[in-house]
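Let me begin by presenting the structure, written as C-alpha cells, before commenting on it.
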Amino acid sequence: MKAIAQLKTAQILDRINALQTSTSHYFNSSQLTAPVREWREINEIDSLMKVDACAAWEAVGAWKGLAGDVTGTETAFANSIRLGNSGSNRENWMINRLNLGLFSAAQSLYAATGHPETGYFTLLLEDGYKAGAIEQAASFIERAREMRIKWDENQVHEVTKANAILRHAGISDQQIGRQLDVAGVVLRRHQIRPNGSVLVTSADDFFSGVTYSLAVPVGAEKAFDMNVELARAEDKAGISKNVAFDVVFEAVAS
Numbered sequence: 001m002k003a004i005a006q007l008k009t010a011q012i013l014d015r016i017n018a019l020q021t022s023t024s025h026y027f028n029s030s031q032l033t034a035p036v037r038e039w040r041e042i043n044e045i046d047s048l049m050k051v052d053a054c055a056a057w058e059a060v061g062a063w064k065g066l067a068g069d070v071t072g073t074e075t076a077f078a079n080s081i082r083l084g085n086s087g088s089n090r091e092n093w094m095i096n097r098l099n100l101g102l103f104s105a106a107q108s109l110y111a112a113t114g115h116p117e118t119g120y121f122t123l124l125l126e127d128g129y130k131a132g133a134i135e136q137a138a139s140f141i142e143r144a145r146e147m148r149i150k151w152d153e154n155q156v157h158e159v160t161k162a163n164a165i166l167r168h169a170g171i172s173d174q175q176i177g178r179q180l181d182v183a184g185v186v187l188r189r190h191q192i193r194p195n196g197s198v199l200v201t202s203a204d205d206f207f208s209g210v211t212y213s214l215a216v217p218v219g220a221e222k223a224f225d226m227n228v229e230l231a232r233a234e235d236k237a238g239i240s241k242n243v244a245f246d247v248v249f250e251a252v253a254s
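Just so we're aligned, residue 1 is where the sequence shown starts under UniProt numbering, counting upward by one.
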C-alpha cells in the first residue's frame with residue numbers, strides 16, 4: 001500500500017513509494033544496494049526537519065516502514081502526531097502499520113481516519129478492508145450512503161458480502177486482526193512485506209467464507225513451509241480457527 005503524498009512531503013513519499021514497488025521485501029539499510037545508495041544521497045528529510053518537523057517525522061516513519069523497522073516507524077509517526085496534523089500523518093501511519101503486518105494496530109487507526117467525514121473514505125476503504133476491519137468498513141459504507149457519497153459499487157458489494165458472512169459466523173474484526181497479526185510476525189521473520197487480497201466465497205447450501213491470501217515471493221514448496229510455520233504460530237498464539245475465515249500464504253513468482 002502506498003503512502004499518501006501531501007504537499008510538503010510529496011517528493012520524499014513519492015520516492016519511498018517508488019522504492020517500495022521495486023521489491024516485495026523490506027530494504028536492509030546496512031546493505032549497499034542501488035536503491036539504498038540512492039536514498040542516502042537524498043537530504044530532503046534533514047532539510048524538512050528544520051522547517052516542518054511534523055511533516056519530516058512523517059517522512060521518517062515512511063522510510064523506517066520501508067526498511068521494516070517497526071519500532072522506528074512507530075516512534076517517528078508518534079512524534080509527528082504529537083507535533084500536530086500534517087494533513088496525512090495519521091493516514092500514512094495506518095498504511096505503514098499495514099505494510100509492517102501490524103493489522104490490529106492498522107485497524108485502530110482506520111477507525112479514526114477512514115470514516116466519510118475525514119475525506120479519506122474512498123482512498124482508505126480498500127486498505128481498511130485489507131487490515132481486516134471489515135465490519136468497520138461496512139459501517140463506514142452505510143454512513144457514506146447517508147451522505148450520498150458515490151464510489152465503486154463492486155467494492156461495496158464485496159465488503160458487504162464479506163461482512164455478512166463473518167457476522168453470521170460470529171467473527172469480529174478484532175479476531176480477524178489477531179489472526180492476521182500472527183501472519184504479520186511470520187512475514188517479518190522472512191523480511192516480506194504483506195501483499196494481501198481478500199477472497200470471498202459464497203455458495204448457498206455449500207460453503208461461505210472469507211480467505212486472506214498473502215502473496216509471498218517464493219516457490220510453492222517454500223510457501224507450503226511458511227503455511228506450516230503459520231499454523232504452528234497460530235496454535236502457539238491460541239488462535240481459535242473458524243471454517244468461515246482463514247489466512248494463507250500463496251506462492252507467486254519472485
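Heads up, the beta-carbon is just placed ideally off N, CA and C, and yes, glycines get one too.
Just to confirm, is the Cβ distance from residue i to residue j under 8 Å?
i: A138; j: Y110; result: no
i: R250; j: A215; result: The amino acid occupying residue 250 in the given sequence is Glu; Arg does not appear at that position. In contact: E250 and A215 (Cβ atoms closer than 8 Å).
i: V200; j: A233; result: no
i: Y212; j: G196; result: yes
i: L180; j: A244; result: no
i: P116; j: M94; result: no
i: N28; j: C54; result: no
i: Y129; j: V198; result: yes
i: N242; j: A169; result: yes
i: Q11; j: E44; result: yes
Check residue i in the structure and name its three-state DSSP category.
i: Y110; result: helix
i: L199; result: strand
i: H190; result: coil
i: S47; result: helix
i: G209; result: strand
i: V60; result: helix
i: A5; result: In this predicted model, A5 has a pLDDT of only 47, less than 50, meaning its place in the structure is not dependable enough to derive any value.
To which residues of the same chain is residue i closer than 7 Å at the C-beta, ignoring the five residues directly before and after it?
i: I16; result: A3, A62, W63 and L66
i: H25; result: Q191, I192 and R193
i: A76; result: W57, V60, G61 and K64
i: S47; result: none
If you draw a straight line from the C-alpha of residue i to the C-alpha of residue j, how long is it?
i: R189; j: K236; result: 16 Å
i: T160; j: M226; result: 31 Å
i: E91; j: T71; result: 18 Å
i: S22; j: G68; result: 15 Å
i: L187; j: L98; result: 12 Å
i: S172; j: V51; result: 43 Å
i: Y120; j: A220; result: 37 Å
i: D207; j: M49; result: Correcting the residue identity first, residue 207 is Phe in this sequence and not Asp. Cα-Cα distance, rounded: 54 Å.
Flag residue i as yes if its beta-carbon sits less than 8 Å from any beta-carbon of chain D, otherwise no.
i: K150; result: The structure shown has no chain D; it contains just one protein chain.
Can you name, in chain order, every residue of its own chain whose Cβ lies under 6 Å from the Cβ of residue i, other than the five neighbours on each side?
i: A106; result: M94, R97, L98 and A131
Near residue i, which residues of its chain fall below 8 Å by C-beta distance, leaving aside the five closest residues on each side in sequence?
i: G184; result: L100, G101, L102, F103 and P194
i: L125; result: G114, A137, F140, I141, W151, Q155 and V159
Taking only runs that begin and end inside the region 81-149, name each unbroken alpha helix (DSSP H) of 4 or more residues, in chain order. 89-99, 103-113, 121-130 and 134-146
Could you tell me which uninterrupted alpha helix (DSSP H) segments, each at least 4 residues in length, are contained entirely in the region 145-179, listed from first to last along the chain? 153-168
Along the chain, which unbroken stretches of the beta strand (DSSP E) at least 3 residues long are found entirely within the region 215-252? Runs of the beta strand (DSSP E) inside the region 215-252: 245-251.
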